[in-house]
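S.K.:
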Amino acid sequence: MRSLSSLPFFFFFFFFLALFQAFLKSPILVHGGNSSLSPITQIPQDLYHSSDELLREISSLVGRHPDVLNIETIRAGNRGYFAEILVITYDRVEKRKPDSLKFKILLSFGQHGRELITSELALHLLSVLTGELSVRGMNMDSIDSILNNVVIKVVPMENRNGRKLVETGDLCERRNGRGVDLNRNWSVDWGKKEKDYDPYEENPGVAPFSEPEAQIMREITKSFDPHIWVTVHSGMEPGSVHAL
Ligand SMILES: [Zn+2]
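Sequence positions in the sequence shown follow mature numbering (1 follows the signal peptide of the UniProt record, and there is no 0) and run -22 to -1, 1 to 222.
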């Protein structure tokens, strides 16, 4: 069995950082939002798509690039609550090899409803990978051989139900559609109360993996078995540091 080089990891890590920096400086305006919100609570429509619009844009992007992208929708539910997560896979068809011979990267965004910018970054990343956008100062040809040897799965919006709550006025909501922090619903240290534990913000749910969103992400990680997984979060305001 061929051993996988760590080069893709380091390269992709720095590529990702460069992309994020470029995104923050990008003059590109996006649109969306809920026009029924009051001026005080309105999400800036010149900065963020609505969730529906953003996922539509991503679906369109996949439709334009079937040679490198495909999309699937995974659904789960229990006790009258349902979740749906879109997963986009970047894999160059003409260079397709068994997954075991490629470096597998999982990138997930939007686990917390209020962290709108992360899902925008997912769209931006996919746009760069398909050549629809460029990163200033970066020649995509220079990473061609690396991209031939990776499979990237992107979850652009892990917590769509929570995001909907944000879009209807609960701008500080981070939890899912029934009040559970998806980042506290995994089995690792489930229910552990740190010194700064906030029972509202960090509600872990009734049991590990009680939430459909967490169940879906567990299935993705089990079936894909990535070499690296980056879950992208953002702060609540510029310059702030926010616990994941
Ligand atoms: Zn977060």
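C-beta: ideal position from N, C-alpha, C; glycine also.
(1) Can we count glutamine 193 as close to ligand 1, meaning its CB is less than 7 Å from some heavy atom?
(2) Taking the alpha-carbon positions, what's the leucine 99 to tryptophan 164 distance?
(3) How would you call tyrosine 26, buried or exposed, if buried means at least 16 neighbouring beta carbons within 10 angstroms?
(4) Who pairs with residue 223 in a beta bridge, going by DSSP?
(5) Does the distance from the CB of leucine 33 to the CB of leucine 103 come in under 8 Å?
(6) According to the neighbour-count rule (16 or more other Cβ atoms, all chains shown, within 10 Å of its Cβ), is valine 40 buried or exposed?
(7) I'd like to know whether the C-beta atoms of glutamate 172 and serine 29 end up nearer to each other than 8 Å.
(8) Looking only at its chain, what residues have a beta carbon closer than 6 Å to the beta carbon of serine 212, apart from the 5 residues adjacent to it on each side?
(9) May I ask you to check if the CB of glutamate 93 is nearer than 7 Å to at least one heavy atom of ligand 1?
(10) Would you say the beta carbon of arginine 152 comes nearer than 7 Å to a heavy atom of ligand 1?
(11) Kindly examine ligand 1 and report whether one of its heavy atoms sits closer than 7 Å to the Cβ of histidine 211.
(12) Does DSSP put glutamate 35 in a helix, a strand or coil?
(13) Could you tell me the distance, in whole angstroms, from the CA atom of residue 227 to the CA atom of lysine 131?
(14) Quick check on DSSP: helix, strand or coil for isoleucine 21?
(15) By the DSSP assignment, the beta strand (DSSP E) with alanine 54 in it spans what residues?
(16) I'd like to confirm something about glutamine 89: is its beta-carbon nearer than 7 Å to some heavy atom of ligand 1, or not?
(17) Considering only residues of the same chain and omitting the five flanking positions on each side of serine 37, which have a CB-CB separation below 7 Å?
(18) Rounded to a whole number of angstroms, what is the C-alpha to C-alpha distance between arginine 53 and glutamate 151?
(19) Measuring only the C-alpha atoms, how far is histidine 9 from glycine 169?
(20) Check the DSSP bridge columns for leucine 64 and list the partner residues they point to.
(21) Between threonine 209 and the rest of its own chain, which residues show a CB-CB distance below 7 Å, the 5 nearest in sequence each way excluded?
M.R.: In short:
(1) no
(2) Straight-line Cα distance between these residues: approximately 24 Å.
(3) buried
(4) This structure cannot settle anything about residue 223, because the visible part of the chain is limited to -22 through 222.
(5) no
(6) With 16 or more other CB atoms across the displayed protein chains lying within 10 angstroms of its CB, valine 40 is buried.
(7) In this structure, serine 29 does not lie closer than 8 Å to glutamate 172 by Cβ.
(8) Glu93, Ile95, Thr96
(9) Answer for glutamate 93: yes, Cβ within range of ligand 1.
(10) yes
(11) yes
(12) Of the three classes helix, strand and coil, the one that applies to glutamate 35 here is helix, per DSSP.
(13) Since the first residue of the chain shown is -22 and the last is 222, residue 227 is not available in this structure.
(14) coil
(15) 47 to 56
(16) yes
(17) Taken in chain order, the residues that qualify are Ile49.
(18) 22 Å
(19) Note that histidine 9 scores a pLDDT of 42, beneath 50, so its modelled location is shaky; the value from the coordinates is reported in the next line. Their Cα atoms are separated by approximately 38 Å.
(20) Thr51
(21) Ser86, Gln89
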